[in-house]
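For the sequence shown, the residue numbers in this note's numbering are 182 to 552. Data block below; observations after.
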Amino acid sequence: FAPWNDPEAKPFIAIENVTKKFADFTAVDDLSLNIYNREFFALLGASGCGKSTLLRMLAGFEEPTAGRILLDGQDMRGIPPYKRPVNMMFQSYALFPHMTVEGNIAFGLKQDGMQKGDIEARVGEMLKLVKLERFAKRKPHQLSGGQRQRVALARAVAKRPKVLLLDEPLGALDKKLREETQFELMDLQMKLGLTFVVVTHDQEEAMTMADRIAVMDKGKVMQVATPAEVYEAPNSKFVADFIGNVNMFEGTAAAVANGKIDIAVEPENFTIRTDALKSCAVGQPVGFAIRPEKIRISRKQPADPSINSAHGEMWDIAYFGDMTVFHVKLESGRIIKAASLNAVRTVEDPLGYDDMVWVNFDTDAGIVLTS
Ligand code: ATP
């Protein structure tokens with residue numbers, strides 16, 4: 182499933198040069214984005230980056246200041262929320278407290294003038310879908326947070342919108358329930374064959390659920406790609422730093438030859454040699470990003486300690502059960518993060534605090550970043 186790689190595929194949601202200003206503040210800045218039918222799409226970014234504003238423009242609660250939004254090929258300018266093929270689920274769930282679970286799910290269907298028998302059938306189907314058949318007669322205050330979330334979801338999809346917009350859908354749930362519910366959401370999206378656009382500031386959530394992620398900053402999209410791509414091949418220092426853990430180095434391209442780039446890193450004066458996947462000129466300032474799990478630690482000096490190696494002191498060891506994260510402090514004060522899966526044990530055992538160790542990595546382990 183990768184319609185975004187098909188030049189013939191028509192996007193279901195086309196966001197074209199959309200800007201949203203509140204007085205003189207630009208919340209969304211000349212943003213363009215295509216989202217495809219049946220895609221699970223995540224808008225990811227820190228608080229205030231404009232992701233909710235973008236979602237609200239898709240829903241029709243806000244109009245763009247400039248640019249346009251097409252849904253299924255139709256320009257949405259001036260089309261009110263209830264006439265759009267989308268529905269929105271809010272973080273607060275906004276359930277009616279005096280209505281039962283089935284009453285809440287039926288509400289929108291009644292408003293649409295659906296026949297009583299059809300409503301009953303649809304509500305039954307929705308209750309089954311979110312596994313709440315036994316709770317049909319309960320009121321929201323008699324439900325757990327996770328159950329309320331599922332009622333809100335059932336209500337949002339009951340009218341069979343083509344697109345479901347979800348603003349921080351799992352924000353109110355605790356960590357364990359959130360992780361379970363992520364898989365339920367993915368399952369539901371597959372079963373219903375809907376397009377989901379979810380807003381989240383939680384990168385793990387976005388990585389787990391989404392087919393593609395748009396990483397946003399200051400009203401702009403920094404990168405749109407699959408979870409694996411934003412992690413393995415971030416296009417900028419911002420994305421590399423925002424997604425996952427990373428060791429970031431700033432340096433100067435000292436040599437470019439034979440498909441490799443040598444980067445001189447100050448102040449340690451050590452040399453990073455990396456495969457040249459991007460072209461760059463000698464003397465150009467470049468960044469280098471490497472994930473902690475790509476770094477080896479050893480007490481033994483590597484064969485060629487002048488390249489991709491540094492010597493330092495074991496500063497911190499954090500045990501997470503499935504993995505251990507090591508912090509090695511270089512003489513310059515720079516901390517290098519390395520991580521290893523405990524089941525794999527790529528790090529010799531036992532390494533202790535204050536041990537003097539070498540960190541070392543391969544030429545294909547990191548990414549050169551020029552912006
Ligand atoms: P959060 O995760 O905190 O909700 P967000 O990325 O969803 O953040 P938005 O809610 O889209 O951010 O807001 C983007 C910016 O626009 C913020 O700085 C916010 O203060 C501003 N903003 C949003 N709505 C309005 C409004 N109605 N009037 C003025 N400014 C607004």
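We treat Cβ as the ideally placed atom computed from N, Cα and C, and that holds for glycine.
Please state the DSSP three-state secondary structure of residue i.
i: residue 420; result: helix
i: residue 472; result: coil
i: residue 252; result: strand
i: residue 350; result: coil
i: residue 404; result: strand
i: residue 516; result: strand
i: residue 549; result: strand
i: residue 460; result: coil
i: residue 410; result: helix
i: residue 431; result: strand
i: residue 483; result: coil
i: residue 499; result: strand
i: residue 355; result: coil
Within the continuous beta strand (DSSP E) that includes residue i, where are the two ends?
i: residue 198; result: 194–203
i: residue 455; result: 451–456
i: residue 277; result: Where residue 277 is concerned, there is no enclosing beta strand (DSSP E), given that its DSSP letter is neither H nor E.
i: residue 260; result: That residue, residue 260, is in no beta strand (DSSP E); it is neither H nor E in DSSP.
i: residue 269; result: 267–270
i: residue 509; result: 504–511
Using alpha carbons as the reference points, say which of the options lies closest to residue i.
i: residue 449; options: 512, 322, 473, 466; result: 512
i: residue 410; options: 388, 431, 489, 443; result: 388
i: residue 274; options: 332, 231, 536, 191; result: 332
i: residue 284; options: 304, 267, 356, 209; result: 304
i: residue 455; options: 447, 290, 434; result: 434
i: residue 501; options: 324, 522, 190, 488; result: 522
i: residue 406; options: 196, 399, 418, 391; result: 391
i: residue 197; options: 229, 185, 239; result: 239
i: residue 552; options: 524, 517, 183, 461; result: 461
i: residue 493; options: 464, 532, 540; result: 540
i: residue 475; options: 506, 498, 452; result: 506
Going by the DSSP bridge assignment, what does residue i pair with across the sheet?
i: residue 311; result: Note: residue 311 sits in no beta bridge, so no partner.
i: residue 221; result: 377
i: residue 492; result: 539
i: residue 226; result: 397
i: residue 206; result: 203
i: residue 442; result: 437, 455
Use the C-beta contact count for residue i: other C-beta atoms within 10 angstroms, 16 or more gives buried, fewer gives exposed.
i: residue 472; result: buried
i: residue 480; result: exposed
i: residue 403; result: buried
i: residue 423; result: buried
i: residue 247; result: exposed
i: residue 189; result: exposed
i: residue 296; result: exposed
i: residue 458; result: exposed
i: residue 413; result: exposed
i: residue 222; result: buried
Any beta-carbon of chain D closer than 8 Å to the one on residue i?
i: residue 246; result: The structure shown contains no chain D; it holds only a single protein chain.
Looking at residue i and ligand 2, is the gap between the Cβ and the nearest heavy atom below 7 Å?
i: residue 501; result: The model depicted lacks ligand 2 and carries ligand 1 instead.
In terms of residue numbering, what span does the alpha helix (DSSP H) encompassing residue i cover?
i: residue 232; result: 232–240
i: residue 334; result: 326–339
i: residue 388; result: 384–390
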